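Residue numbers (the numbering used here): 292 to 467.
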């Protein structure tokens, strides 16, 4: 009986993972996606940053019209906003396996943040040597370029004391 419960639990977890990845891929951060629109707190065209401000989500995601995978010589740019609410926007990024991404991370608020990206277990553990940007101050933008080799799982997070524990992390969905 216990073996059947474990088997069903495993099937449920796999199904949930597939749904999460499929949903993330469908939402993405490309044009028309809620992740690519100007931030709801007034940034973007006509908002606090003025007309012509760049969309938060940047280039189209894998599977979207106009998608071009980032390479080491021409990485795809993904813009991330770090907020005082201890959240990243967007908090889900979709990448193609093997793709090179340049994350442009901007702190919008008074609190300094950092941005670590890599294998999910290393990011969660704040493992030394995992690629990161430290001390992103108010209204400052810093960038980090990373190549997503393997199927993942990958993640990003802020490890300023208390931020990760408060939920300041995001997921990278890797698609073939």
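Backbone N, C-alpha and C fix where the C-beta goes; we use that ideal spot for every residue, glycine too.
The model shown is predicted, which means the values in this text are computed figures rather than measured ones.
Residues near residue 452 in its chain [Cβ-Cβ closer than 8 Å; skip 5 each side] = none
Residue 406 at chain D interface by Cβ criterion, 7 Å = Judged by its chain identifiers, the structure shown contains no chain D, having just a single protein chain.
task = Determine the direct distance from the alpha carbon of residue 354 to that of residue 404, and round the result to whole angstroms.
result = Computed Cα separation, rounded: 31 Å.
task = Taking all protein chains shown into account, decide if residue 390 is buried (16 or more other Cβ within 10 angstroms of its Cβ) or exposed.
result = buried
query = Would the beta-carbon of residue 396 fall within 7 Å of that of residue 462?
reply = no
query = Taking the alpha-carbon positions, what's the residue 436 to residue 393 distance?
reply = Roughly 4 Å between the two C-alpha positions.
request  = Within its chain, find whatever has a CB closer than 8 Å to the CB of residue 466; leave out the 5 residues flanking it on each side and keep chain order.
outcome  = 312, 316, 353, 354, 385, 386, 387 and 388
Proximity to residue 456 [Cα-Cα], best of 357, 376, 369 and 365 = 376
key: Exposure label - residue 401; buried when at least 16 CB within 10 Å   = It counts as exposed.
Counted within 10 angstroms of its Cβ, other Cβ atoms place residue 359 as buried (16 or more) or exposed = exposed
request  = State the start and end residues of the unbroken alpha helix (DSSP H) segment that holds residue 414.
outcome  = Its alpha helix (DSSP H) spans residues 411-415.
query = Got a sec, what are the start and stop residues for the beta strand (DSSP E) residue 461 sits in?
reply = 460-466
inquiry  = Please classify residue 294 as buried or exposed, where buried requires at least 16 other C-beta atoms within 10 Å of its C-beta.
reply    = exposed
query = The beta strand (DSSP E) spanning residue 360 covers which residue range?
reply = Neither: residue 360 is in no beta strand (DSSP E) and is coded neither H nor E.
message = So, with DSSP's three-state summary, where would you put residue 405?
response = strand
Euclidean distance between Cα positions of residue 381 and residue 399 = Straight-line Cα distance between these residues: approximately 13 Å.
ask   = For residue 356, does the count of other Cβ atoms within 10 angstroms reach 16, so buried, or fall short, so exposed?
value = exposed
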